[in-house]
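Here the working numbering = 1-based position in the sequence shown + 28. The beta-carbon is built from N, C-alpha and C at its ideal position, and this holds for glycine as well. Contents: one structure, followed by commentary.
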Amino acid sequence: MRIGHGYDVHRLTEGRRLILGGVEVPFARGLDGHSDADVLIHAVMDALLGAAALPDIGVQFPDTDERYRGISSVLLLETVMQRVRECGYDVGNVDVTVLAQRPKLKDHIPQMRQRLAQAMRIAEDRVNIKATTEEGLGFTGSGEGIACHAVCLLQETEKRKGNG
Ligand code: MG
Numbered sequence: 029m030r031i032g033h034g035y036d037v038h039r040l041t042e043g044r045r046l047i048l049g050g051v052e053v054p055f056a057r058g059l060d061g062h063s064d065a066d067v068l069i070h071a072v073m074d075a076l077l078g079a080a081a082l083p084d085i086g087v088q089f090p091d092t093d094e095r096y097r098g099i100s101s102v103l104l105l106e107t108v109m110q111r112v113r114e115c116g117y118d119v120g121n122v123d124v125t126v127l128a129q130r131p132k133l134k135d136h137i138p139q140m141r142q143r144l145a146q147a148m149r150i151a152e153d154r155v156n157i158k159a160t161t162e163e164g165l166g167f168t169g170s171g172e173g174i175a176c177h178a179v180c181l182l183q184e185t186e187k188r189k190g191n192g
């Protein structure tokens, strides 16, 4: 077993759609960024890459690269999973905590879990997503941005064991 942790923050801004966990959440503002700025998936990808001891998403998908402008983070997650599997790992589980004052995310979480499980090609009960506010404190509390933590466990596949 190998453990990984990922953390990401994006600023909330006018004139952008809010994409979280591969799902469009109706809200007056969206997250700013080079890709679709899906802070949830970015944290998950860094947790996966961290557990596999691979370079982080800033190295894998540089924000200076025009290929990644506006790209769906679901596609990036699929690529990350491909790299993780090539290294001889499969996902044990992923657990995610989104820090957002608004909007309320509870009703969107089942769909986010489904999207993530689909992109990662794992069972839905291996993906958990929680949302919390920070009681009005700090940059998430003021609505300046949304933050996300993710942890994951990777298990060695037979392929990796075979490689010793
Ligand atoms: Mg990011």
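Query: When you compare only the Cα positions, how much space is there between E162 and V87?; Result: 30 Å
Query: If we call anything under 8 Å between Cβ atoms a contact, is V67 one with C176?; Result: yes
Query: On a CA-only basis, which of T185, G49, I174 is nearest L59? Give me that one, please.; Result: I174
Query: Checking 8 Å against the spacing of the C-beta atoms, do V72 and L48 come in under that value?; Result: no
Query: Decide yes or no for the touch test of the segment 31-43 against the segment 72-86: beta carbon pairs closer than 8 Å, at least 3 of them.; Result: yes
Query: At a cut-off of 7 Å, would you count H38 as near the ligand MG, judging by its Cβ distance to the nearest heavy atom?; Result: yes
Query: When the Cα atoms are used, what is the spatial distance from L144 to V126?; Result: 14 Å
Query: For P138 and G98, I'd like the C-alpha separation in whole angstroms.; Result: 24 Å
Query: Considering only the beta carbon of each residue, do P131 and V53 sit closer than 8 Å?; Result: yes
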